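Structure record follows, encoded as structure tokens.
Number of protein chains: 2
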Amino acid sequence: MSSQKRYLVKFLPGGESVKVPHGYNLRQAILDCKLNIDSSCGGVGTCGRCRVQVLEGEVDTTESRFISKSDKEKGFVLSCMSRVKSDLTVRLPEARKSRGSITIGGFDSTGKDYAGISTDELSKVEIEPWIIKENITVEAPSLSYGTSDLYRVKKSIMEKTGVQDPAIPIDLIRKLPYTLREKDLNVSVIIDLENSAVIDISPGHGDKRIYGMALDIGTTTLVMYLVDLQSGKILDIQSGYNPQIKYGEDIINRIVYANRKGGLEHLREVIVDSINSMVKNLVKHTGVKESDIVSVMIAGNPTMMHLFYGVPPRFIREEPYVTVANRFSNSPAKDVGIGQLVNAYVYCVPGVASYLGGDITSGVLASGMYREEELALFLDLGTNGELVVGNSQWMMGCSCSAGPAFEGGGVNCGMRASEGAIEKVVIDEDSFKCSVDVIGEGKPAGICGSGLIDIIGEMYLKGVIDRKGKFNRDIGNEFLACEEGDCHYIIVEANSSATGNDIYISEIDIENLIRAKAAVYAGIRTLLEEVDLGINDLAKIYIAGGLGKHLNIRNAVMIGMLPDISLDRYHFLGNTAVTGAYLSLLSAEKYRQSVKVAGDITYIELSVNMKFMDRYVAGLFLPYTDMKDFPSVEEHIYSIYKKPGPAGPGKKDKTS
Amino acid sequence: MSSQKRYLVKFLPGGESVKVPHGYNLRQAILDCKLNIDSSCGGVGTCGRCRVQVLEGEVDTTESRFISKSDKEKGFVLSCMSRVKSDLTVRLPEARKSRGSITIGGFDSTGKDYAGISTDELSKVEIEPWIIKENITVEAPSLSYGTSDLYRVKKSIMEKTGVQDPAIPIDLIRKLPYTLREKDLNVSVIIDLENSAVIDISPGHGDKRIYGMALDIGTTTLVMYLVDLQSGKILDIQSGYNPQIKYGEDIINRIVYANRKGGLEHLREVIVDSINSMVKNLVKHTGVKESDIVSVMIAGNPTMMHLFYGVPPRFIREEPYVTVANRFSNSPAKDVGIGQLVNAYVYCVPGVASYLGGDITSGVLASGMYREEELALFLDLGTNGELVVGNSQWMMGCSCSAGPAFEGGGVNCGMRASEGAIEKVVIDEDSFKCSVDVIGEGKPAGICGSGLIDIIGEMYLKGVIDRKGKFNRDIGNEFLACEEGDCHYIIVEANSSATGNDIYISEIDIENLIRAKAAVYAGIRTLLEEVDLGINDLAKIYIAGGLGKHLNIRNAVMIGMLPDISLDRYHFLGNTAVTGAYLSLLSAEKYRQSVKVAGDITYIELSVNMKFMDRYVAGLFLPYTDMKDFPSVEEHIYSIYKKPGPAGPGKKDKTS
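From first to last, the protein sequence lines are chains A and B. Taken in order, the first sequence gives residues 1 to 656; the numbers are from this note's numbering. Taken in order, the second sequence gives residues 657 to 1312; the numbers are from this note's numbering.
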């Protein structure tokens, strides 16, 4: 009724703007402009990732531990905790504004080479198509052979493929009499041999080429392959951020959002929209007809699968942590929102339990460990660390919530492994100055997971921090800035950074990272102890996930995150979720195997496991409470310091 | 653009009116008023059933053999052949205006007694529910038993019902986590044991009572039972005309209409609307909740089933006469238009071939002949005559197009067996005056099938017609009216009829009826000859269909329509289509048996069978060319005339 005052809010660097009423949430205004803003907590002020800089105008904001005094003076606020009180000009974080062509986990979306596995290599997999297109000639009816069209079609299918009495949807039956007669009883039939289902019947004989899509729905990223189902060739790849990020960056916050009224439907809508766009792009780039795409194989963690199918994920995060389903039934693509794929069915790689999903089944499938005699550990490092240990005889898996630290979350200057991210750090042992390597050509904008692991490792080795992760304040470190007792270590100074601000690491950041590495290692140890095995029984350790490609294994071992065994036992696999989906799509044996693998993995819930808790607490030291677990680290430290470690001030010339 | 003149067309006796442009089709105007008008040819002037009387105003009409000179003078026209040229007042045929409560094939829709089978009798059938509602308590998950909701539900279902891995639709899965937890893991599950499918899952334990519907979609009528699936009790019955009648009265004209643009969709729409209304009425009358109705079992002839499922029936009437499908797959009710039944699945009784549908499979099922050793003949007499002969060892079936004569079609004064129809006729052998019995209390309005059979029989016995069906014009029959060489025999004079017109039978009518009876008998003989059997090998003859209840078997034998064997071998079954559907609904054994029966019947296409043609031509005499086929008729005639038959003038006192 009242003509409420509306303010113009303008965002830099893009210049997007929106009019909002007095008191409007600033983060919401960003979302209204369809701009990306990180916020792993979903907008409740606890992750500190939605920092923006108010250049002009006034906001009503809440104090936050993520905003230092000096930042506050520069106009930095958490957008989720700020309300608009006037016209505004707001600068969004440079590194996070990227749209369009993106880089994911070190994977350049324009190339075909993915996380170390080339399309050539992928194409070498044994191809055993289980969705096929066959040209068939249906027997003619006659006065003495007056069987129904349906019967004769099924008979021809049986003779050609061996599939008995396949299911044929009513919409195909409605067209059947004309489809059959249009080209004189010659038709081509697309059939799913594994599920005895006819996907399409069309008039005339034609090209047997059909296509499928392998889709990884990750919490952070989406990756989709367009695949020739006969040759196995990957024609093109699309990738992008999971648009649900806006509504909660990790699984837990996604679930929280889904619990809100309309939240689940909204999350489902945005992911389906993104998938549809990716399909459109793939079709446009390759010229493949949408009607020739007959299958979509999805792998994702349980929460992502629940959200995609519109199934409430709520009980995944409530004790005793159960999914609604670990495998969703095959659906026509239009039934799950991908209406443009008129002839496609959507399949999914089955998951194991609430925090061990089809993405991990895919990974185990891609690693091949399920058919080997030697013992292997599969490790998917992302927001959650998922682990499977075993061989062809048995497998056991678990998930340990590492938190988003390795993806740059919960860390002040953290960011994902994209353009501008610091991925490698070396600290000069005298000056404590950092030398950094950055992804891409530009200036550093933040630190990604592998950079953070390097920093922790280097800080520990060079004595910048002690074994507990606390700064050694009396070593003459000029890059240590302290303010009211809180210190942070400057990695890149403001004048050298892309954002114009210091890139630093604080004690809280370090704490978060140590927690994350402790969780991963505790998971590995606990899992092995459950089956009375030790680290050295592992013949192979497979590393999958976004962190993989840039990870410095040696440093990950150094900080006590990964087991201290010979580095040649480590193997990087890249994004195994999409690889496993691709394999399932191409090979009937792999498709069946994925179901078997999911069934064969015994899941252990770690969240209440006392051994895990003990291991976790022991891991809150660098590299670990008991150095005997990390003999090579102990040896290395000893070779530098001539004592078990830089417990006090770290510079060797000062202490030796 | 031009303001076209519009005329007011008013219909008596109801007073409905509509404004139409110059030249508008009169039959269409009737349909526009949502009034019923018979028209078996679909409006092309060949059936003569859409006669109306123009009382005031002017139409442009085409000459027709169905309109005599005197009728023409009275203003009678075929509405389908007439175009509006002025304001009009038009009288619709009295007997055909009935709406609301109707009588079908002698079945009073308000009673529960159906065609000789009482609900008590029906309820005695062995009940073996295959769609059940079970209260189950799903195992609780725990940290050490973190299986998915879906797995635990399936496990409980398996333990309770033995059904392994039932299909559960995605919309149930979407609600599953809340359904399970609302009443502490107690749920009630509706499950189709025969198809391993879960129909519904709802919170809490409750009443196990669920309901089903048996539906006969006949060419002319719809009949629906609401059935308690536990007790077998029929709670209520609904019936009504098939609304598609307006668009073609018989199967062929229905197919012709379906071939038009939008025709199939329209026919589907009107039938689905009618079914929905019937469901609404049943629910209203009985208080049964729509959500407790879990199944609809449909029996219908192949064309009706094609139209209901929206499948083009075109090739049913084109040589070599094949259906698209004889069995349609089970569908959620909402997928086939019955959206109000949120929890129901629609099933159908499978058919055999293009003119031998699920209605006949149902009939054979209801007769029980499929499990007897003795040889039986099943006969469904309607627009088409359908026949099945056999026993538990073998069955063979065919269809012979009897034409609509027995349902009153193609006969000037024919009508269906409803209120006002003459169902019994006796001719006084001296005066040739007819005495008639009429259905209901009113004056006679027309003649139904059984009345027509009586008339032919009586006319033949009393010498009104000769063996070829031609009038004996020199016997002093005062009720024979001739005009320009065409004669017709007056059954009821105008002053005694409900319509105010004579009720009569013409030589063309008789010809149609003789053709119809010849087709039925030729079908029976041909079928038996195919398996080298004779009439006397038949232990039982079952008569089903609308004609059944009022049929005078003796007269049907007399005219050579039904085999001349002991009358006690004949058994009336009534509407076996709905009975068979009802049995399939109630008993798993019967449901399975219906599939087996449909598969076991060997179909013979008679339309091009030369033996059938020979038999048919031989049947164009009364009772048959060779009297030896009808010994009891021969004997009877001889006992009256002391010679083989009244070939010439018929009165015995004049010829003996």
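Backbone N, C-alpha and C fix where the C-beta goes; we use that ideal spot for every residue, glycine too. Computed from a predicted model, the values in this text were never measured in an experiment.
Residue i, DSSP secondary structure in three states
i         : result
B:Asn-842 : strand
A:Ser-70  : helix
A:Pro-350 : coil
B:Gln-684 : helix
A:Tyr-521 : helix
A:Ala-498 : coil
A:Val-324 : coil
A:Leu-215 : strand
A:Tyr-624 : coil
Residue-level contact to chain A via CB, residue i, 8 Å cutoff
i          : result
B:Ala-1254 : no
B:Val-978  : yes
B:Val-1092 : no
B:Pro-797  : yes
B:Thr-959  : no
B:Tyr-834  : yes
B:Ile-994  : no
B:Asn-1231 : no
B:Ile-1221 : no
B:Tyr-663  : no
B:Ile-927  : no
B:Gly-802  : yes
Sub-8 Å separation of residue i and residue j beta-carbons
i          : j          : result
A:Pro-166  : A:Glu-182  : no
A:Ile-439  : A:Gly-420  : yes
A:Ala-376  : A:His-550  : no
B:Gly-1019 : B:Gly-1013 : no
B:Ser-812  : B:Ile-792  : yes
A:Glu-58   : A:Lys-85   : yes
B:Phe-1286 : B:Gly-1216 : yes
B:Ile-846  : B:Ser-1243 : no
B:Thr-875  : B:Asn-851  : no
A:Asp-200  : A:Leu-176  : no
B:Ser-1153 : B:Pro-1219 : no
Beta carbon proximity, residue i to chain B, threshold 8 Å
i         : result
A:Ala-258 : no
A:Glu-319 : yes
A:Leu-150 : yes
A:Ala-588 : no
A:Gly-310 : yes
A:Lys-85  : no
A:Ala-353 : yes
A:Phe-612 : no
A:Thr-137 : no
Cβ-heavy atom distance, residue i to the ligand NAD, below 7 Å
i          : result
B:Gly-1102 : Absence of the ligand NAD from the depicted structure is noted, as is the absence of any ligand whatsoever, leaving it without description.
Closest residue to residue i among the options (Cα-Cα distance)
i          : options                                         : result
A:Tyr-321  : A:Asn-281, A:Leu-365 and A:Cys-398              : A:Cys-398
A:Ser-274  : A:Leu-513, A:Lys-289 and A:Gln-244              : A:Gln-244
A:Ala-556  : A:Phe-406, A:Ala-325, A:Ala-598 and A:Gly-580   : A:Phe-406
A:Phe-432  : A:Glu-139, A:Lys-462, A:Lys-424 and A:Glu-441   : A:Lys-462
A:Ala-581  : A:Leu-143, A:Leu-226, A:Gly-15 and A:Arg-51     : A:Leu-226
A:Asp-292  : A:Arg-209, A:Gly-476 and A:Gln-4                : A:Arg-209
B:Leu-1278 : B:Ala-1254, B:Lys-940, B:Ser-951 and B:Tyr-1177 : B:Tyr-1177
Interface residues of chain E facing residue i [CB-CB closer than 7 Å]
i         : result
A:Ile-559 : Given the protein chain composition of this structure (A and B), no chain E is represented.
(Q) For the pair the segment 381 to 395 of chain A and the segment 333 to 350 of chain A, tell me if three or more CB-CB distances fall below 8 Å. (A) no
(Q) Three Cβ pairs or more, each shorter than 8 Å: is that satisfied between the segment 1143 to 1150 of chain B and the segment 1160 to 1167 of chain B? (A) yes
(Q) Assess contact between the segment 907 to 916 of chain B and the segment 963 to 976 of chain B, defined as three or more Cβ pairs (one per stretch) separated by less than 8 Å. Is contact present? (A) yes
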